[in-house]
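K.L.:
Residue numbers (our numbering): 704 to 894.
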């Protein structure tokens, strides 16, 4: 965000933060902007994901049909991803950097099928769509790469990464905004 873009420290603490000892004490994190990446001149980025090793960043925007775009963090150079000439609205890397999961909303006019697709990075080959994933707000692979979970407007869904039906992990009245694995069998959810 804009507050992270400058050289000023970003405030994490507040008077309501139970980790602060005194009311006047504020916890800071020093932020250093390394470089900027631009998805495209006409489209703003909707979602960003980092590779598990922290070496790549990938960005998507629902408004563009250019698919995900990625960059090497150290050099800033573009990283080649499989071509997906379709609007992708969220993406996640698998832990071994062999695949990415992408959520694609179907388009009746373009005759494209929506769903969650797991795409092999080396070949660009995508598996069959995993139904229910087209409405994902965020995606995450399990640490072993065998399960993909999605935050949706109704809660959290999970699939075997090789295919199959969605399993409802949890229902949430206001939906889930973000998901991540905090261990092999524990999913953290932001709602």
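Glycine included, each C-beta is placed from N, C-alpha and C at the ideal position.
Mind checking residue 893: buried by the 16 CB within 10 Å criterion, or exposed?
P.N.:
exposed
K.L.:
Where does residue 888 fall in DSSP's three states?
P.N.:
Here DSSP, grouped into helix, strand and coil, assigns residue 888 to coil.
K.L.:
Looking only at its own chain, which residues have a Cβ that is under 6 Å from the Cβ of residue 887, when we skip the five neighbours before and after it?
P.N.:
Same-chain partners within the cutoff: 846.
K.L.:
Using 8 Å for Cβ pairs, my map puts residue 799 next to residue 862. What's the rounded Cβ distance?
P.N.:
Residue 862 and residue 799 do not touch by the CB rule: their CB atoms are close to 18 Å apart, not below 8 Å.
K.L.:
Straight-line CA distance for residue 839 to residue 780?
P.N.:
28 Å
K.L.:
Suppose the cutoff is 6 Å on Cβ atoms and the five residues either side in sequence are ignored; what does the same chain contact list for residue 750 look like?
P.N.:
763, 793
K.L.:
Using DSSP bridges, identify the partner residues of residue 763.
P.N.:
Answer is 750.
K.L.:
When the Cα of residue 834 is compared with those of 811, 824, 867, which residue comes out closest?
P.N.:
867
K.L.:
In angstroms, rounded to a whole number, what distance separates the CA positions of residue 771 and residue 796?
P.N.:
Near 12 Å, if we compare the C-alpha coordinates of residue 796 and residue 771.
K.L.:
Which word fits residue 856, buried or exposed, when buried means at least 16 other C-beta atoms lie within 10 angstroms of its C-beta?
P.N.:
Here residue 856 is exposed. Its C-beta has fewer than 16 other C-beta atoms within 10 Å.
K.L.:
Hey, would you say residue 783 sits closer than 7 Å to residue 809, going by beta carbons?
P.N.:
no
K.L.:
Just checking: is the beta-carbon of residue 852 within a distance shorter than 7 Å of some beta-carbon in chain C?
P.N.:
Absence of chain C from the displayed structure is noted, only one protein chain being present.
K.L.:
Put residue 823 into one of helix, strand or coil per three-state DSSP.
P.N.:
strand
K.L.:
Assuming residue 791 contacts residue 773 under a Cβ cut-off of 8 Å, what Cβ separation, rounded to an integer in Å, is found between them?
P.N.:
That belief does not hold up - the Cβ atoms of residue 791 and residue 773 are roughly 12 Å apart, past 8 Å.
K.L.:
If you follow the beta strand (DSSP E) that residue 835 is part of, which residue opens it and which one closes it?
P.N.:
It is not in any beta strand (DSSP E) - residue 835 carries neither H nor E in the DSSP assignment.
K.L.:
On the CB-based measure, 16 or more other CB atoms within 10 Å of its CB, does residue 832 come out buried or exposed?
P.N.:
Under a 10 Å Cβ-count criterion, residue 832 is classified as buried, with 16 or more other Cβ atoms of the shown protein chains found around its own Cβ.
K.L.:
Do residue 843 and residue 859 have their C-beta atoms closer together than 7 Å?
P.N.:
no
K.L.:
What's the C-alpha gap between residue 873 and residue 768?
P.N.:
31 Å
K.L.:
My parser needs the beta strand (DSSP E) runs of 3 or more residues fully inside the region 766–821; what are they?
P.N.:
772–775, 791–796, 802–807
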